[in-house]
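Here is the structure we will look at, set down as structure tokens.
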Amino acid sequence: MRNWITRAETSADIPAIRDIVLAAFETSLEADLVDTLRADSSWIEGLSLVSTGENGRPVGYALLTRCHIGDTPALCLAPCAVRPERQNSGAGSAAIRAALAAAATMGEHHVVVLGHPTYYPRFGFTRASAHGIGLTIDVPDEALMALTLDAEHPLPRGTVRYAAPFGI
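Sequential numbering of the sequence shown, starting at 0, is according to numbering that gives the first Met the number 0.
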């Protein structure tokens, strides 16, 4: 596993990020979501992270935006993407770890993710339903996961309210 360089996105990275997300997903929905979130009040500067290759170009991406668990502010991890030729190289994990570390540094406490139940536990995510956290839509129970970034702030109970661009 190599050591990836991670950093917050810059305006110069926006086209590369769109390319990464377009290449990683079957449709443009996730790339369009990132563009829409960038203009939404849920966007938090410094929580859109890239991992870069040897040439300094972004190859991995992770985004945290504002959501709520009940009335408690939280963050949503989505989307995460890696250029297909760099998948399984640690580039995605590096971007996610950097995003979670940046959020903790900013004083954020809680993160939710709707994703692969075999991937996200490596970052400390656990089944959200075990903490009394749910959604208003039906998803596989094991796919909705939550994480506290600070043991002094246990996960709250409640329904996740995503930013409007997510349509949930």
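For glycine and all other residues, C-beta sits at the position ideal for the given N, C-alpha and C.
Cβ-Cβ separation, Leu143 to Leu134 (assumed contact under 8 Å), whole Å: 6 Å
CA-to-CA distance, Gly59 to Met0, given in whole angstroms: Unreliable placement is indicated for Met0, whose pLDDT of 49 sits below 50; no coordinate value is reported for it.
Assigned exposure category for Glu8 - 16 Cβ within 10 Å defines buried: buried
Extent of the continuous alpha helix (DSSP H) to which Gly91 belongs: Ala90 to Thr104
N- and C-terminal bounds of the beta strand (DSSP E) containing Ala145: Leu143 to Thr147
Val138 - DSSP class collapsed to helix/strand/coil: coil
Through-space distance from Leu63 to Ala163, alpha-carbon basis: 14 Å
DSSP three-state assignment for His130, whether helix, strand or coil: helix
Residues near Phe165 by beta carbon distance below 6 Å, same chain, minus five either side: none
For Asn54, the nearest candidate out of Thr26, Ile95 and Trp3 (CA to CA): Trp3
Contacts around Ala97, its chain only, beta-carbon distance under 8 Å, and the 5 residues preceding and following it disregarded: Thr5, Arg6, Leu48, Ser50 and Ala61
Own chain, CB closer than 8 Å to Thr158, minus 5 neighbours either side, in chain order: Ile68, Gly69, Ile132, Gly133, Leu134 and Thr135
Residues that Pro57 bridges to, as DSSP identifies them: Thr51
Pairwise C-alpha distance: Leu154 and Arg85: 33 Å
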